[in-house]
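In the UniProt record's numbering, the protein residues as written are 1 to 140.
Think of the CB as a built atom: it goes at the ideal place given N, C-alpha and C, for glycine as much as any other residue.
Since the model is a prediction, treat every value here as computed from it, not as a measurement.
Dropping the structure here:
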């Protein structure tokens, strides 16, 4: 994980730079594409690569590219990048989701109770259907 202030940007940039790309052409391109100014000096680039690989006292992130349940890390990742659960290491969602609107709250609890909840009382099939639809974060 690399965080830096890109020239002309007010917010810091956070990117997942693959370990194998540090010091390689692909890594330099990724950094430049995200607005980091990098020297063209072939003499200085190895020093920058060494600096980027120094992980002392820095958290090690688990990088995921998909939303949903991450059984390897015991966590659920939302399209916004928010992580539900308590993974051993921090998780970073390295993708942009166009479906994040489908994960946002709509309506209120009283709306849900009036529109859906009232039909569940005593109706075991409906209860099972709602329970199944809400169980995704629990399934590993």
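Residues bridged to residue i (per DSSP)
i, result
"residue 68", "77"
"residue 92", "63"
Nonlocal neighbours in the same chain, by C-beta distance under 7 Å from residue i, ignoring five residues either side
i, result
"residue 7", "35 and 37"
"residue 73", "62, 87 and 91"
"residue 126", "119 and 120"
Proximity winner among the options, relative to residue i (alpha-carbon distances)
i, options, result
"residue 85", "18, 76 and 15", "76"
"residue 15", "91, 125 and 39", "91"
"residue 18", "60, 71 and 70", "60"
"residue 48", "55, 39 and 56", "39"
"residue 67", "55, 80, 57 and 130", "80"
Simplified DSSP assignment, three categories, for residue i
i, result
"residue 27", "helix"
"residue 85", "strand"
"residue 3", "strand"
"residue 162", "Outside the shown range of the chain (1 to 140) lies residue 162, about which nothing can therefore be said."
"residue 14", "strand"
"residue 135", "coil"
"residue 129", "helix"
"residue 58", "coil"
"residue 9", "coil"
"residue 106", "coil"
"residue 52", "helix"
"residue 42", "coil"
Residue burial classification, residue i (beta-carbon count within 10 angstroms, cutoff 16)
i, result
"residue 31", "buried"
"residue 27", "buried"
"residue 70", "buried"
"residue 93", "buried"
"residue 22", "buried"
Cutoff 6 Å; reference residue i; Cβ partners in own chain excluding five residues on either side
i, result
"residue 65", "94 and 95"
"residue 3", "12 and 14"
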